[in-house]
Amino acid sequence: MSRMARLLVPVLPVAALAGLASCMVATPLVAPVMQRVLVDVATAQFVGDNCPSMGFDAARAKTYIANAYKNLVAEGADPETLETGTESFEQGPLQAQVAERLEEGGVNPENPQPANVCAFGAAEQDTGSILGRVLK
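If you're matching positions, the sequence shown starts at 1 in the UniProt record's numbering and goes up one per residue.
Below is the structure:
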């Protein structure tokens with residue numbers, strides 16, 4: 001298992017603890033919403049694990065995931081489809097999208113330097129992104 005995979009495995013229970021085995025929809029209009037939340041949460045967990053001055057707020061992350069799920073269901077998304085889609089997303093493209101997000105922020109996901117990770121996390125907090133909001 002790659003270093004990236006080992007670091008991201010703990011985020012999967014965040015979705016499960018929120019009552020969501022998965023959260024992606026087959027329709028292109030709603031899938032990106034949940035994908036973005038999951039990528040931001042997983043990326044924030046990576047930052048919290050690799051920046052000594054920041055932590056990951058799992059409770060807040062669960063709230064963001066649960067709210068996205070509730071909003072999608074309220075808009076007519078099928079809960080079973082959400083769960084099936086998220087399982088596929090978590091087992092497939094999630095890690096690659098987290099790695100891409102980190103690289104865009106100047107972080108090498110295979111060899112993260114704490115200074116770069118902390119700077120990336122601080123920048124996300126400054127922008128008020130979901131990623132920044134689930135860091136503490």
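Where a beta carbon is used, it is the ideal one built from N, C-alpha and C, also for glycine. Please read all numbers here as calculations on a predicted model, not as lab measurements.
Inter-residue CB distance, residue i and residue j (contact presumed, cutoff 8 Å)
i: Leu-102; j: Phe-46; result: 7 Å
i: Ala-99; j: Pro-109; result: 4 Å
i: Leu-72; j: Val-33; result: 7 Å
Whole-angstrom distance between residue j and residue i, CA atom to CA atom
i: Gly-39; j: Pro-114; result: At residue 39 the sequence reads Val, which differs from the Gly that was named. C-alpha separation (whole angstroms): 20 Å.
i: Cys-118; j: Asp-78; result: 38 Å
i: Ala-58; j: Val-134; result: 7 Å
i: Met-54; j: Tyr-64; result: 19 Å
i: Arg-36; j: Ala-122; result: 19 Å
i: Gln-97; j: Glu-87; result: 15 Å
i: Asn-67; j: Asn-116; result: 30 Å
i: Cys-51; j: Lys-70; result: 31 Å
Range covered by the alpha helix (DSSP H) that runs through residue i
i: Gly-128; result: Careful: Gly-128 lies outside any alpha helix (DSSP H) and carries neither H nor E.
Three-way DSSP call (helix, strand, coil) for residue i in this model
i: Arg-133; result: helix
i: Pro-32; result: helix
Distance cut-off 6 Å: residue i Cβ against heavy atoms of the ligand FAD
i: Gln-113; result: Here there are no bound small molecules, and the ligand FAD is not part of this structure.
Handout entry: Segments of 4+ residues assigned as alpha helix (DSSP H) that fall wholly inside the region 36 to 112
Key = Those alpha helix (DSSP H) runs which fall completely within the region 36 to 112 and span 4+ residues are 58 to 74, 79 to 91 and 94 to 104.
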